[in-house]
Amino acid sequence: MANRTYVVGVGMTKFEKPGRRENWDYPDMAREAGTKALEDAGIAYEQVQQAYVGYVYGESTAGQRAVYELGITGIPIVNVNNNCSTGSTALFLAAQAVRSGTVDCALALGFEKMKPGSLGSTYDDRVQPMLNHMLALGELYEFAMPPAPWMFGAAGREHMEKYGTTAEQFAKIGEKNHRHSVNNPYAQFQDEYSLQDILDSRMVYEPLTKLQCSPTSDGSGAAIIASESFVDKHGLADQAVEIVGQAMTTDFRSTFDSKSAAALVGADMSKQAALKVYDQSGLGPEDVQVIELHDCFSANELLTYEALGLCAEGEGGKLVDANDTTYGGRWVVNPSGGLISKGHPLGATGLAQCAELTWQLRGTAGKRQVEGVTAALQHNIGLGGAAVVTAYQHANR
1 MANRTYVVGV
11 GMTKFEKPGR
21 RENWDYPDMA
31 REAGTKALED
41 AGIAYEQVQQ
51 AYVGYVYGES
61 TAGQRAVYEL
71 GITGIPIVNV
81 NNNCSTGSTA
91 LFLAAQAVRS
101 GTVDCALALG
111 FEKMKPGSLG
121 STYDDRVQPM
131 LNHMLALGEL
141 YEFAMPPAPW
151 MFGAAGREHM
161 EKYGTTAEQF
171 AKIGEKNHRH
181 SVNNPYAQFQ
191 DEYSLQDILD
201 SRMVYEPLTK
211 LQCSPTSDGS
221 GAAIIASESF
231 VDKHGLADQA
241 VEIVGQAMTT
251 DFRSTFDSKS
261 AAALVGADMS
271 KQAALKVYDQ
281 SGLGPEDVQV
291 IELHDCFSAN
301 ELLTYEALGL
311 CAEGEGGKLV
321 DANDTTYGGR
331 WVVNPSGGLI
341 SKGHPLGATG
351 LAQCAELTWQ
361 LRGTAGKRQV
371 EGVTAALQHN
381 IGLGGAAVVT
391 AYQHANR
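At position 38 of the sequence shown (counting the first as 1) the number is 38 in the UniProt record's numbering, and the numbers step up by one without a gap.
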């Protein structure tokens, strides 16, 4: 039988525009986030038995170099790279190690030191991992640069064509997430914009304007994952948040066979992962109050509402217009500001989501606190592809 698994400590850095903090390299980021997580858990690094360290851009064994800032104890350290879902993949692996009984305490850490501007490939002498996805999408919508906003923007256009979704509904998501980030001291941006500001910002790929797109970012996040016996031994129940469901999926045949832009940017992966988590946890979307999801672009947030079962397919726009995804609505989605405004250092994003939901469940999220939180849901995807969905509840509630 699988062991119960808990988040007992979290930490993160402020997310920053690449290069903004002078002499701030990835070991510095990892040390800051990892130290905060250990201090939050009230344990020493020497009690960590395994570490899973995520980053997308960097040399081999950068995970070791990063974690050595916390201590050098000879434990297994696994380097993780799963595109934009890297941080949550590290979380998944750490939780799996604890759940299996292999260890009682594991560290999941993610970081990214990025270059300004749109994402690009690192190697030009080999097949690109996303080539099949891009070729399939190119049959539906003419290729445009940069690739990422083209892919997600095309999925947004498809939704508009199928269901009558409007550019204004996508823009409302950007407005919401920027507004939420005003109260997040860890966010890269903390500026509030009107809906018209969002609509009037530079068009990147219609319907996506600049203020509906996540930026490149530097930063790190970390979580300490522990077993029930570890929680009991160290008296951590008051702060422990239980992972009550967790699933990772990769692409299905439907990703390519359905001839759908939404499927090509991960909708089927997200839906199947969510269904597994609901089955594991006994929770449904109606049982959670707060959600951190992968809004790399506003179009993907709307698609994810439907994939997570917050509404029926095609009704994401109605959910937006009803203000059901912000304070006072049925859910608060991305109280942190999400990727759009909090920032998106690829390897750290999934762990920043975990940190935010841990704080929400503990009731320690300050001005961002959602009222009456009893359960929370996390969603993180990477194209090419992987999706990780996690459900949380407080250990003592």
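Even for Gly, the Cβ is constructed at its ideal location relative to N, Cα and C.
Terminal residues of the alpha helix (DSSP H) in which residue i lies
{"i": "Y305", "result": "S298 to A307"}
{"i": "H180", "result": "A167 to S181"}
{"i": "T349", "result": "T349 to R362"}
{"i": "D320", "result": "Per the sequence shown, the amino acid found at residue 320 is Val instead of Asp. Taken as a continuous stretch (DSSP letters only), the alpha helix (DSSP H) holding V320 covers G316 to D321."}
{"i": "G87", "result": "T86 to R99"}
{"i": "G58", "result": "Element bounds for G58: n/a, residue is neither H nor E."}
{"i": "M134", "result": "L131 to G138"}
{"i": "Q272", "result": "A267 to S281"}
{"i": "Q196", "result": "L195 to D200"}
{"i": "Q64", "result": "A62 to V67"}
{"i": "E242", "result": "From DSSP, E242 is part of no alpha helix (DSSP H) but of the beta strand (DSSP E) over V241 to T249."}
{"i": "M151", "result": "P147 to Y163"}
{"i": "T255", "result": "R253 to D257"}
{"i": "I340", "result": "G338 to K342"}
CA-to-CA distance, residue j to residue i, given in whole angstroms
{"i": "Y45", "j": "L70", "result": "6 Å"}
{"i": "A62", "j": "G337", "result": "28 Å"}
{"i": "I198", "j": "G235", "result": "47 Å"}
{"i": "F252", "j": "V265", "result": "12 Å"}
{"i": "Q49", "j": "G87", "result": "19 Å"}
{"i": "L302", "j": "G138", "result": "22 Å"}
{"i": "P116", "j": "L283", "result": "40 Å"}
{"i": "D25", "j": "P335", "result": "28 Å"}
{"i": "G309", "j": "C84", "result": "22 Å"}
{"i": "S201", "j": "R157", "result": "18 Å"}
{"i": "A66", "j": "A30", "result": "6 Å"}
{"i": "D295", "j": "G74", "result": "37 Å"}
{"i": "I340", "j": "M145", "result": "19 Å"}
{"i": "V244", "j": "I72", "result": "32 Å"}
{"i": "I173", "j": "N300", "result": "10 Å"}
{"i": "A51", "j": "V80", "result": "10 Å"}
{"i": "T35", "j": "G11", "result": "7 Å"}
{"i": "R368", "j": "Y305", "result": "21 Å"}
{"i": "V370", "j": "Q360", "result": "7 Å"}
{"i": "A167", "j": "P207", "result": "6 Å"}
{"i": "Q239", "j": "L346", "result": "27 Å"}
{"i": "L140", "j": "K113", "result": "34 Å"}
{"i": "V373", "j": "D124", "result": "47 Å"}
{"i": "L135", "j": "R126", "result": "16 Å"}
{"i": "K276", "j": "D287", "result": "15 Å"}
{"i": "A263", "j": "K233", "result": "45 Å"}
{"i": "G153", "j": "L383", "result": "14 Å"}
{"i": "A41", "j": "R362", "result": "13 Å"}
{"i": "Y57", "j": "P76", "result": "21 Å"}
{"i": "Q64", "j": "T326", "result": "39 Å"}
{"i": "N323", "j": "E142", "result": "33 Å"}
{"i": "E356", "j": "Y6", "result": "15 Å"}
{"i": "I43", "j": "S229", "result": "15 Å"}
Any non-hydrogen atom of the ligand MN within 7 Å of residue i CB
{"i": "M248", "result": "No copy of the ligand MN occurs in the structure displayed, which carries no ligand at all."}
Under 8 Å between C-beta atoms of residue i and residue j
{"i": "N380", "j": "T358", "result": "no"}
{"i": "V332", "j": "V290", "result": "yes"}
{"i": "A108", "j": "L377", "result": "no"}
{"i": "L165", "j": "G316", "result": "In the sequence as presented, Leu is not what sits at residue 165; that position holds Thr. The answer is yes: Cβ separation under 8 Å."}
{"i": "G9", "j": "I224", "result": "yes"}
{"i": "E92", "j": "M248", "result": "In the sequence under discussion, the amino acid at residue 92 is Phe, which differs from the Glu named in the question. Contact flag set, yes."}
{"i": "G221", "j": "G110", "result": "yes"}
{"i": "Q190", "j": "V182", "result": "yes"}
{"i": "A375", "j": "A365", "result": "no"}
{"i": "C213", "j": "F297", "result": "yes"}
{"i": "V388", "j": "T89", "result": "yes"}
{"i": "D104", "j": "S227", "result": "yes"}
{"i": "V78", "j": "P149", "result": "no"}
{"i": "A395", "j": "V231", "result": "yes"}
{"i": "L211", "j": "H178", "result": "yes"}
{"i": "D321", "j": "Q196", "result": "no"}
{"i": "A307", "j": "A261", "result": "no"}
{"i": "A95", "j": "Q246", "result": "yes"}
Residue range of the beta strand (DSSP E) that includes residue i
{"i": "E292", "result": "V290 to E292"}
{"i": "I225", "result": "G219 to S227"}
{"i": "I381", "result": "A376 to G382"}
{"i": "N79", "result": "I77 to V80"}
{"i": "G110", "result": "C105 to E112"}
{"i": "A391", "result": "A386 to H394"}
{"i": "Y205", "result": "M203 to Y205"}
**Prompt:** Taking the runs of the beta strand (DSSP E) that are 3 residues or longer, which of them lie wholly in the region 6–56?
**Reply:** 50–54
**Message:** Does the region 304–321 come into contact with the region 147–167, if we say contact requires no fewer than three beta-carbon pairs (one atom in each stretch) closer than 8 Å?
**Reply:** yes
**Request:** Give a yes or no on contact between the region 206–225 and the region 11–31, applying the rule of three or more CB pairs nearer than 8 Å.
**Result:** yes
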